[in-house]
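Numbering (this note's numbering), first residue to last: 10 to 619.
We put the beta carbon where it would ideally sit given N, CA and C, even for glycine.
All remarks here apply to the structure that follows.
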């Protein structure tokens with residue numbers, strides 16, 4: 010078979026969107042490892058790194074002047090009750106920045122399409138994300154169809170996992186791969202290279218692939234046939250068979266490794282708003298020894314900071330991983346997402362012990378979805394499978410374990426507000442319950458470190474979407490098409506964002522955003538860091554931002570850097586995190602540097618004692 014050539018591109022929007030954008034991308038690393046294991050020639054292009062993004066933004070004509078104006082205005086905007094005139098100036102500058110970056114992105118995408126043309130790649134695989142990154146992925150597909158028409162263009166990533174067939178509407182992607190791409194991408198690439206070597210054109214190759222897909226011979230594939238968009242059944246390999254990730258993205262990445270402990274959530278019914286059964290195939294556990302093998306593999310690459318990928322790492326699983334790490338003498342720091350533990354009050358001493366062991370093993374941040382601290386909402390609307398007490402005492406156990414271990418563990422909570430309303434309840438009552446929940450934790454000396462607030466949103470595969478009327482949603486026909494391409498413009502007041510037509514319990518989209526913003530402002534006024542997740546907390550602490558004030562300072566500085574297009578702080582942050590990650594990794598006896606030093610010492614002793 011002819012050498013298979015694959016180009017993998019991590020989509021971007023021309024500017025930094027979040028402080029965690031530059032984390033190592035384990036999904037692309039798994040794909041690259043799987044393809045190269047089959048002898049394929051893979052070029053991985055991941056522009057989500059600080060070196061690239063800094064150079065890209067600074068090369069945009071006029072951006073330096075704009076950045077200076079934004080930086081001068083920022084102190085007057087990032088304060089309580091900013092002047093209306095200052096805000097209007099801020100919005101105008103943000104809009105100007107968006108327009109000039111869009112022009113630069115068009116040049117960049119055209120150059121990329123020509124590079125793919127010159128390289129005669131069989132496959133272009135695009136990791137697609139929400140909003141502008143999806144729009145730019147579609148634009149790249151159109152340009153590649155024009156300049157490299159024989160290259161097969163495959164969409165994948167979180168956007169494809171979530172929206173599946175809808176991701177191929179109104180664009181020029183040839184195929185899509187959802188959930189796991191390791192087998193589907195490899196199979197399609199093999200077919201493309203083989204058939205092209207025989208003189209087949211792309212249209213013939215795609216027809217052949219569609220014929221195989223019709224017989225379900227290529228899993229996890231979204232394809233076009235007779236004017237319709239179809240998909241094959243999902244098949245999921247054992248997580249224990251995942252290849253060790255291969256990172257080859259060069260400098261500029263933030264060395265926080267995303268490690269697969271499990272995928273999905275162990276709560277089998279699933280919350281009503283969650284679509285993980287559709288996108289991830291439900292809950293899929295991984296053997297602890299395989300998770301540890303991946304952690305130790307990454308440690309040998311100077312990575313000592315990790316985020317567990319599971320949607321909810323249970324206390325028992327986290328505890329067993331921690332025990333294994335301690336028994337093997339592994340030094341690391343990590344964060345994770347979890348959910349309220351069942352019977353948390355009854356099991357409280359057990360939970361404190363397990364989280365204390367996790368803290369000893371390196372746990373530094375936990376994020377937990379409360380959604381609403383109202384039992385009727387949890388039972389009737391969210392269908393959480395938890396009591397309010399479960400959530401309360403899980404948080405309390407983490408905080409008590411942190412105090413006993415004398416190691417700070419950040420805890421972040423997420424609330425959905427406004428949330429669909431049970432009959433007889435109103436949003437004000439639910440917000441009161443949420444604030445009371447936080448106050449009671451504070452009175453117990455268990456104040457949480459961060460709170461995330463998002464308005465309710467129904468997504469494909471979730472019961473909120475499939476039974477939208479029952480939950481109080483009204484959606485326009487084009488909701489999914491609009492939402493896929495919707496850009497949450499963080500530099501602008503949500504009241505100024507375009508409407509997407511969603512309605513919840515009689516509230517318009519803008520009213521939903523206003524209500525979420527009101528709750529967020531109340532929390533900010535009470536001193537909480539708002540909208541920082543566990544990985545942001547992990548980064549802040551690695552950078553030396555300590556205590557409650559440290560988190561607030563980290564958020565303010567990172568937000569300003571992103572919105573002012575001045576990435577000096579983000580670059581400094583990346584360098585500090587990488588130094589911290591490297592120092593932790595090199596504390597491990599099995600790190601190559603320590604093995605080499607141990608070998609040299611052994612040689613010296615042998616020479617001396619000959």
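Here's the rule I'm using: 16 or more other beta-carbon atoms within 10 Å means buried, otherwise exposed. How should residue i be labelled?
i: residue 399; result: buried
i: residue 20; result: buried
i: residue 298; result: exposed
i: residue 131; result: buried
i: residue 507; result: exposed
i: residue 617; result: Low per-residue confidence applies at residue 617: pLDDT is 47, beneath 50, and the placement is therefore not dependable, though the value from the model is reported in the following sentence. Label assigned to residue 617: exposed.
i: residue 600; result: buried
i: residue 155; result: exposed
i: residue 322; result: buried
i: residue 58; result: buried
i: residue 143; result: buried
i: residue 602; result: exposed
i: residue 555; result: exposed
i: residue 250; result: exposed
i: residue 32; result: buried
i: residue 426; result: buried
i: residue 437; result: exposed
i: residue 481; result: buried
Where do the N-terminal and C-terminal ends of the alpha helix (DSSP H) with residue i fall, by residue?
i: residue 65; result: 59-67
i: residue 192; result: 191-206
i: residue 153; result: 141-156
i: residue 496; result: From DSSP, residue 496 is part of no alpha helix (DSSP H); its letter is neither H nor E.
i: residue 523; result: 518-534
i: residue 367; result: 357-370
i: residue 184; result: It is not in any alpha helix (DSSP H) - residue 184 instead sits in the beta strand (DSSP E) that spans 184-186.
i: residue 213; result: 211-223
i: residue 298; result: 297-308
i: residue 402; result: 397-414
i: residue 548; result: 543-551
Residues bridged to residue i by DSSP?
i: residue 170; result: BP columns for residue 170 are empty, so no partner.
i: residue 380; result: 424
i: residue 234; result: 237
i: residue 72; result: Bridge partners of residue 72: none, in fact.
i: residue 274; result: 321
i: residue 631; result: As displayed, the chain neither begins before 10 nor continues past 619, which places residue 631 out of reach and without an answer.
i: residue 512; result: 483 and 517
i: residue 162; result: 133
i: residue 650; result: Residue 650 lies beyond the stretch modelled for the chain, which goes from 10 to 619, so this question has no answer here.
i: residue 265; result: 314
i: residue 386; result: DSSP output for residue 386 lists no bridge partner at all.
i: residue 293; result: 272
i: residue 538; result: 459
Going by DSSP, what residue range makes up the beta strand (DSSP E) through residue i?
i: residue 238; result: 237-240
i: residue 18; result: 14-19
i: residue 52; result: 50-54
Between the Cα of residue i and the Cα atoms of the options, which residue gives the shortest distance?
i: residue 424; options: 410, 414, 456 and 376; result: 376
i: residue 271; options: 263, 292 and 70; result: 292
i: residue 493; options: 188, 273, 435 and 468; result: 468
i: residue 242; options: 222, 210, 253 and 355; result: 222
i: residue 245; options: 214, 273, 239 and 352; result: 273
i: residue 171; options: 202, 67 and 138; result: 138
i: residue 676; options: 436, 371, 530 and 570; result: Missing from the structure shown is residue 676; the chain here goes from 10 to 619 and no further.
i: residue 179; options: 347, 253 and 489; result: 489
i: residue 102; options: 94, 79, 307 and 313; result: 79
i: residue 541; options: 370, 461 and 208; result: 461
i: residue 200; options: 328, 219 and 505; result: 219
i: residue 509; options: 486, 386, 588 and 36; result: 486
i: residue 576; options: 433, 60, 129 and 364; result: 60
i: residue 23; options: 13, 15 and 116; result: 116
i: residue 124; options: 98, 52, 574 and 185; result: 52
i: residue 55; options: 13, 121, 94 and 162; result: 121
i: residue 573; options: 13, 75, 27 and 70; result: 75
i: residue 157; options: 128, 173 and 146; result: 128
request  = For the segment 436-493, list the beta strand (DSSP E) runs that are entirely contained and at least 3 residues long, ordered along the chain.
outcome  = Correct list: 459-463.
message = What ranges does the beta strand (DSSP E) occupy inside the segment 570-608, keeping only unbroken runs of at least 3 residues that lie completely in it?
response = Qualifying beta strand (DSSP E) stretches: none in this window.
ask   = Mind pulling the beta strand (DSSP E) runs of 3 or more residues that sit fully within the segment 85-138?
value = Entirely contained in the segment 85-138, the beta strand (DSSP E) runs reaching 3 residues are, in chain order, 132-136.
In chain order, each alpha helix (DSSP H) run of at least 4 residues that lies wholly inside the segment 18-49 = Listed in chain order, they are 35-46.
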